[in-house]
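Protein sequence lines correspond, in order, to chains A and B.
Heads up: the first sequence begins at 1 in the numbering used here, then just goes up one per residue.
Heads up: the second sequence begins at 224 in the numbering used here, then just goes up one per residue.
Each residue gets a CB set at the ideal place from its N, CA and C atoms; glycine is no exception.
Read through the structure below, which is laid out as structure tokens, and then see the notes.
Number of protein chains: 2
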Amino acid sequence: MRNKAIVLASGGVDSAVTLGIAALDYELLLMHFNYGQRTERRELKAFNDLAGYYGISRRLVVNIPELGGIGGSSLTDNSQSIPEGVYRDKKVPSTYVPFRNGLMLSFAAAWAEVQFVKHIFIGVVETDVPGYPDCSADFIRSMETAINKGRKPESRLTIHTPVIKLNKVDVVKLGVKLGVPFELTWSCYQREDAACGKCTSCLGRLEAFENAGIEDPIEYMDD
Amino acid sequence: MRNKAIVLASGGVDSAVTLGIAALDYELLLMHFNYGQRTERRELKAFNDLAGYYGISRRLVVNIPELGGIGGSSLTDNSQSIPEGVYRDKKVPSTYVPFRNGLMLSFAAAWAEVQFVKHIFIGVVETDVPGYPDCSADFIRSMETAINKGRKPESRLTIHTPVIKLNKVDVVKLGVKLGVPFELTWSCYQREDAACGKCTSCLGRLEAFENAGIEDPIEYMDD
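Here it is, written out as structure tokens:
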């Protein structure tokens, strides 16, 4: 029998490839968060489409509008605009959502304990978003330590980050190799009908597909 | 000007005394979680009554029914009964809610970052609930480390646990000394009208007041 694992899936490229990797060896449970991000409904559709593709019935969608409600991020605060252009700065970008990954990992740890799951997968990419403090390997290890101290001793778990050291081009190439259905994913930060092709997330995605020599199968506004 | 601090307040004795301590030195923000516990409404009233007493207007109530929804605790799962009698076992009791404190601290860390707050207070008592893994000093320090690695570098914060090493009798005595309004608090795990006086939480509270030589000002069913 396969071991069970929870995969945190936003529905974007990184989490879809992480899901594709986890699906090779584990029986999966899939988890998603709505936190008041602008493209919440579209992301949720991508999550459910991916879950359907991989035949995963155990899904947990957590609604925490309060995370968006406290502000501090252009992803959730409509009075801020989403940055356009490729992000090359070293500063924390405005799209950073305060301690989002810590919160999601904490919730996954709670669900894992109840479901007797010892493995959590999260698609963080350290090199891709240098400014996001909650995407570093150092943070993930610290969080794993804290989780293992703060739950029942027999629940010890491991957090897997299979794409953390890859650049986005290699994430895309790996996804193609694994047959990840990129047509079901969603990355745009600001639109839900067709991807804008202008925000930092769209541009990072388009650049990665182009450098990988692969056509991005989703629809863009300019098409 | 006083430094700001966020206090996590369930509305029980430990968090009320922690609030009383924090109020001596800090300008306060107050945070509460509804997670599908049986006495959710009564706890929320205690939280708001305490906030009113201390004149705290910045309050954040987070609703995460999904934490109760995943099960695993007699506090949130109505098919399990709340244990009665004083809890003296070393095992994790059925009232343990999976990784609740980790989740609450993660959310407080997010709010703290947005509000430029560097101090969080949580009323965990290590000796009082030996079986709760997320109440240990070791866990709290690990969580503080993880939080500080996973947020903006300039947001570094400290988690304060002023009652963690006290026994409940000393928590009550300290509260009286500080003028904590115990009449506004709520501890019962199973009733919302008058405290049952039988569940582990009521009995632990009653025993602490009795050993402190102080009358518990809240109403019990047997009164």
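Where residue i falls: helix, strand or coil (DSSP)
i	result
B:ASN301	coil
B:CYS425	helix
B:MET224	coil
A:ILE120	strand
A:ILE21	helix
B:THR368	helix
A:VAL169	helix
B:PHE256	strand
A:TYR53	helix
B:ILE363	helix
B:ALA418	strand
B:ARG261	coil
B:LEU380	coil
A:ASN43	Going by the sequence as given, residue 43 of chain A is Glu instead of Asn. Here A:GLU43 sits in helix by DSSP.
is_contact[residue i, chain A] using C-beta, thresh 8 Å
i	result
B:GLY295	yes
B:ASN271	no
B:GLY325	yes
B:VAL230	no
B:GLU336	yes
B:PHE339	no
B:LEU252	no
B:LEU298	no
Distance, residue j Cα to residue i Cα
i	j	result
B:ILE345	A:CYS199	39 Å
A:ASP14	B:PHE432	54 Å
B:ALA232	B:ARG323	13 Å
B:VAL230	B:SER329	13 Å
B:ASP272	B:LEU407	6 Å
A:ASN34	A:ASN63	5 Å
A:SER73	B:VAL337	9 Å
A:ILE147	B:VAL315	16 Å
A:ILE218	A:TRP186	8 Å
A:ILE56	A:GLU126	27 Å
A:LEU24	A:VAL180	12 Å
A:GLY11	B:GLY259	28 Å
Cutoff 8 Å: residue i Cβ touching any chain B Cβ
i	result
A:PHE107	yes
A:VAL17	no
A:ALA51	no
A:PRO98	yes
A:ALA110	yes
A:VAL92	yes
A:LEU67	yes
8 Å Cβ cutoff, residue i in contact with chain E
i	result
A:LEU24	Note that chain E does not occur in the displayed structure, where the protein chains are A and B.
Discussion item. Can you pull out the residues from the stretch 125-152 of chain A whose beta carbon lies closer than 8 Å to at least one beta carbon of chain B?
Written reply: PRO133, ASP134, SER136, ASP138, PHE139, SER142, MET143, THR145, ALA146, ILE147, LYS149, GLY150, ARG151 and LYS152
Worksheet item: When the Cβ atoms of the stretch 31-45 of chain A are set against those of the stretch 183-197 of chain A, are three or more pairs found closer than 8 Å?
Response: yes
Discussion item. Short of 9 Å Cβ to Cβ, which residues in the stretch 53-65 of chain A face chain B?
Written reply: LEU60, VAL61, VAL62, ASN63, ILE64 and PRO65
Fill in: the stretch 131-145 of chain A touching the stretch 169-179 of chain A, judged by at least three CB pairs closer than 8 Å
no
Discussion item. Under 8 Å, with one C-beta from each stretch per pair, do the stretch 146-160 of chain A and the stretch 107-127 of chain A reach the 3-pair mark?
Written reply: yes
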